[in-house]
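Residue numbers (our numbering): 31 to 99.
All residues carry an ideal CB built from backbone N, CA and C; glycine is no exception.
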Amino acid sequence: MAIEDVTELTQVNGQTQAQRLLDEGWCILAVCVIQDGSSQYAEYHLGRAKPLDTAVGPGVLIGKTQLKG
Numbered sequence: 031m032a033i034e035d036v037t038e039l040t041q042v043n044g045q046t047q048a049q050r051l052l053d054e055g056w057c058i059l060a061v062c063v064i065q066d067g068s069s070q071y072a073e074y075h076l077g078r079a080k081p082l083d084t085a086v087g088p089g090v091l092i093g094k095t096q097l098k099g
């Protein structure tokens with residue numbers, strides 16, 4: 031997925047939450063290690079694009095049914 035295709039962003043702190051989003055079709059954009067005092071944890075930044083049937087832009091193939099009307 032190209033970065034210009036990202037239309038939604040989210041951030042979670044847990045591996046389980048990140049895995050659930052990955053299973054739903056999100057992509058990992060960055061994983062940051064955060065240190066807060068003596069605590070250290072991973073912060074997952076994820077993104078996803080619009081569904082293909084609604085995404086229209088440069089380089090996007092459009093079906094004939096969308097061109098009619």
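Exercise. Pull up the DSSP beta-bridge partners for leucine 76, would you.
Key: Working through the sequence shown from its first residue, we reach residue 76 at position 46. Its beta-bridge partners are Thr40, Ile58.
Practice problem: Tell me whether leucine 39 is buried or exposed, calling it buried when 16 or more other Cβ atoms sit within 10 Å of its Cβ. | Solution: In the sequence shown, the residue the question calls residue 39 occupies position 9. That one is exposed.
Quiz item: Within 10 angstroms of its Cβ, does tyrosine 74 collect 16 or more other Cβ (buried), or is it exposed?
Solution: As a first step, residue 74 must be located in the sequence shown, where it is residue number 44. By the neighbour-count rule (16 or more Cβ atoms within 10 Å), tyrosine 74 is buried.
Practice problem: Out of Arg78, Gln65, Lys80, Ala79, point me to the one whose CA is closest to asparagine 43's CA. | Solution: The sequence position of residue 43 within the sequence shown is 13, counting from 1. Sorting Arg78, Gln65, Lys80, Ala79 by C-alpha distance to the C-alpha of asparagine 43 places Gln65 at the top.
Quiz item: Roughly how many angstroms separate the alpha carbons of leucine 51 and alanine 60, rounded to a whole number?
Solution: What you label residue 51 is simply residue 21 of the sequence shown in a count that begins at 1. What you label residue 60 is simply residue 30 of the sequence shown in a count that begins at 1. Between leucine 51 and alanine 60, the C-alpha separation is close to 14 Å.
Quiz item: By a C-beta neighbour count over all protein chains shown, 10 Å radius and 16 as the cutoff for buried, is leucine 97 buried or exposed?
Solution: Numbered from 1 along the sequence shown, position 67 holds the residue referred to as residue 97. With a pLDDT of 48 at leucine 97, under the threshold of 50, the predicted position of this residue should be treated as unreliable, though the coordinate-derived value follows. It is exposed - the Cβ of leucine 97 has fewer than 16 other Cβ atoms within 10 Å.
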